[in-house]
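In the working numbering, the protein residues as written are 28 to 490.
Every residue, glycine too, gets a C-beta built ideally from N, C-alpha and C.
To keep things clear, I will list the structure first and then write my remarks on it.
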Ligand SMILES: [Fe+2]
Ligand SMILES: [Fe+2]
């Protein structure tokens, strides 16, 4: 029996898949979806003018799209150090010349617990001040090191990880994490640094802002030669007209100089990429460390116990890895809140399944998997979110992922409650059989917990 069908005869364009998933990374950086895609377009035009080889341009393409692959690694620190929404703080940071002490100080003051009473803000500012300039280096290092690791894990690029590692180094040595100077910074890293800043300034201040920041930071942040190449191209109005049409994954996929595809005959390659992205989600908060990976595995085991065939089990695993992608767009102030959420916070967290769908939607061959992944908070009685669908309208795969998701959440600690033991977990879940959760999947869970202990193992409590 199949859950959902992904045609075994279809291939996925690797370029389009990664471009689609790059929009999840934009959310974590507090940028609008399409930031990485436009950064890719800007960087690829520079690479083209430089006359880079096809192989180098291939590396550049994926480095540009995946430059923020480590973005979730410092979200929790940004949120707790500044006492604010990590995405807002990151968004604001992009428009700051943090090499300039005065601007960096103004930024720290502006971002520390905005809206809180003055005495709370003062204490937060003092705490940021105590961390001193080391804090910026630490935050960049967490992001870049993790980003390079993620790109390396994906496996098909060779020098792109090094570019990601070095994208926040500056030509004059004022960057992080290593303070490299000039041509010590790998060329692709220099292209990434310039391209991402140009995109951010274009998006906020228009072409004038982008041109100005490139000119102002020529020779300080950016390689003068690359700035000159950019300025020569951007001198023509058509450059900005073309950039403004670049937003979706399909618009950028054609720039991959060596197009490749991922076969769906076997799902192994896609599962590998999905797991890597699931781990990016899981890294955003220590409270949900490994949550996507465990939920995916529990869900696949449930599908097996329920008698679904191997392909359907793999598709359930895939939906499990992807299910919380949209959480990359939720503030750590909410994810890590040590108490009940208020109405607005609940509304914000309930956006995440829909975001999951939007991120995956452009990947046409797996659109049904996107729907399964995005339906994991739907409930059989129609009380779930985000569509409020009910009964058989909730795809079977989503019913299975939902049981795995609730099981994992209850069996692990959350900032607002301790880790529950198995009896407590099952006592909470059992009354929901038939009304909210699939009775078949719950029955499979109870059977699996006692007959396949290794597949339903619970991680040790957080210390
Ligand atoms: Fe979720
Ligand atoms: Fe989840």
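With respect to residue 403, residue 412 sits apart: the two C-beta atoms are not nearer than 8 Å. In this structure residue 246 is exposed. Its beta-carbon is surrounded by fewer than 16 other beta-carbon atoms within 10 angstroms. Taking a 10 Å sphere around the C-beta of residue 477, we find fewer than 16 other C-beta atoms and assign the residue as exposed. Contact between residue 305 and residue 249 is absent: CB atoms are separated by about 35 Å, not below the 8 Å threshold. Residue pairing by DSSP leaves residue 355 without any beta bridge partner. Relative to ligand 2, the nearest heavy atom lies less than 7 Å away from the CB of residue 432. In the three-state scheme derived from DSSP, where H, G and I count as helix and E and B as strand, residue 295 is classed as helix. For residue 234, the Cβ stays outside the 7 Å cut-off from all heavy atoms of ligand 1.
For residue 271, the enclosing alpha helix (DSSP H) starts and ends at 264 to 271. When the beta-carbon positions are compared, residue 37 and residue 392 come within less than 8 Å of each other.
Within the model, the alpha-carbon separation for residue 179 versus residue 241 is close to 30 Å. Contact between residue 358 and residue 113 holds: CB atoms are separated by about 6 Å, below the 8 Å threshold. Contact annotation: residue 352 and residue 298 have beta-carbon atoms that are not nearer than 8 Å. With contacts defined by Cβ atoms closer than 8 Å, residue 319 and residue 309 form a contacting pair. For residue 465, there is no enclosing alpha helix (DSSP H), as DSSP marks it with neither H nor E. Rounded to whole angstroms, residue 379 and residue 322 show a C-alpha spacing of 16 Å. DSSP places residue 289 in the strand class (E or B) of the three-state scheme. Taking 7 Å as the cut-off, one finds no heavy atom of ligand 2 near enough to the beta carbon of residue 309. About 13 Å separates the beta carbon of residue 485 from that of residue 431, a gap too long to meet the 8 Å contact definition.
Between residue 225 and residue 69, the C-beta gap is smaller than 8 Å, which places the two residues in contact. A distance below 8 Å between beta-carbons, with the five flanking residues on each side excluded, links residue 482 to the following residues of its chain, in chain order: 324, 325, 328, 475. Annotation for residue 118 indicates a beta carbon at 7 Å or more from all heavy atoms of ligand 1. The C-alpha of residue 258 lies about 21 Å from the C-alpha of residue 88.
Collapsing the DSSP output to three states places residue 245 in a strand.
Residue 39: member of the beta strand (DSSP E) spanning 38 to 40, first to last residue. By the criterion of a C-beta distance shorter than 8 Å, residue 198 is surrounded in its chain by 208, 209, 212, 217, 246, 247, 248, 249, 250, 251, once the five residues flanking it on both sides are discounted.
A direct Cα-Cα distance of roughly 37 Å separates residue 50 from residue 448. Residue ranges of uninterrupted alpha helix (DSSP H) with 4 or more members, entirely inside the stretch 334 to 402 and ordered along the chain, are 337 to 349, 359 to 362, 370 to 376, 379 to 387, 394 to 401. Contact annotation: residue 311 and residue 354 have beta-carbon atoms nearer than 8 Å.
Counting C-beta atoms within 10 angstroms of its own C-beta, residue 268 has fewer than 16 neighbours from the protein chains shown and is therefore classed as exposed.
As DSSP reads the structure, residue 445 sits in no beta bridge. Under the three-state reduction of DSSP output, residue 306 falls in the helix class.
Residues of the same chain with a CB within less than 6 Å of the CB of residue 200, apart from the 5 flanking positions on each side, are 206, 208 in chain order. If you draw a straight line from the Cα of residue 462 to the Cα of residue 81, it is about 56 Å long.
The residue from 61, 451, 417, 235 with its alpha-carbon nearest to that of residue 46 is 61.
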